[in-house]
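In the numbering used here, the protein residues as written are 328 to 420. C-beta: ideal position from N, C-alpha, C; glycine also. Everything numeric in this text was worked out from a predicted model, so none of it was measured. Below is one structure, written out as C-alpha cells; the observations come after it.
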C-alpha cells in the first residue's frame, strides 16, 4: 500500500462465476381444483431454485494487508461466498 506504482506487481486473478436458476409455476389462473383440494384458494404458486457460484470458484475480490512483527506486509485474499442454494415459494391469493 505504501509503495511506488511501478513496484506494485500483485494482481488479482480473473473473476469467474456461473449462476443458474429454474422456476416452475404449478398453480396459475387456468388451473382447476376440486372442492376439497387445499390449493383451491391460491391464484398463483411459483417454486424457484437458484444456484449461485455453481462451479465453486474462489473469487478474490480484494486483499487485506497484514503486518508482522518485523514490519513485513502480507496480502491475505478476501474471497466471496462459496456455492449457495436458494429455494423460494411465491404464493398469490
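Open item on the list: Among the candidates 416, 394, 343, whose CA atom is the shortest distance from the CA of residue 379?
Closed with: Numbered from its first residue, the chain shown carries residue 379 at position 52. Taking only the C-alpha atoms, the option nearest residue 379 is 343.
Open item on the list: Going by beta-carbon coordinates alone, are residue 416 and residue 372 separated by less than 9 Å?
Closed with: Your numbering for residue 416 matches position 89 in the chain shown. Your numbering for residue 372 matches position 45 in the chain shown. Closer than 9 Å, so yes.
Open item on the list: Let me see if you follow: with CB-CB separation under 9 Å, is residue 389 close to chain D or not?
Closed with: Chain labels in this structure do not include chain D; a single protein chain is all it has.
Open item on the list: Among 404, 334, 370, whose alpha-carbon lies nearest the alpha-carbon of residue 390?
Closed with: As a position in the chain shown, residue 390 is number 63, starting the count at 1. Nearest option by C-alpha distance: 404.
Task: Closest residue to residue 369 among 401, 384, 360, 331 (Cα-Cα distance) - done: Taking the chain shown and counting its residues from 1, the one referred to as residue 369 is at position 42. Looking from the CA of residue 369, the closest CA among 401, 384, 360, 331 belongs to 360.
TODO: Report all residues from its chain with a CB closer than 8 Å to the CB of residue 420; omit the five preceding and five following residues, and keep chain order.
DONE: Mapped onto the chain shown, residue 420 falls at position 93. Only 368, 369, 370 meet the Cβ criterion.
- [ ] Verify whether the separation of the beta carbon atoms of residue 349 and residue 375 is less than 9 Å.
- [x] Within the chain shown, residue 349 is the residue found at index 22, counting from 1. Within the chain shown, residue 375 is the residue found at index 48, counting from 1. At a Cβ-Cβ threshold of 9 Å, residue 349 and residue 375 count as neighbours.
Open item on the list: I need the straight-line Cα distance from residue 385 to residue 409, nearest angstrom please.
Closed with: Mapped onto the chain shown, residue 385 falls at position 58. Mapped onto the chain shown, residue 409 falls at position 82. For residue 385 and residue 409, the distance between alpha carbons rounds to 7 Å.
Task: Per-residue DSSP class, three states only, for residue 342 - done: Reading the chain shown from its first residue, position 15 is the one you call residue 342. In the structure shown, the three-state DSSP call for residue 342 is coil.
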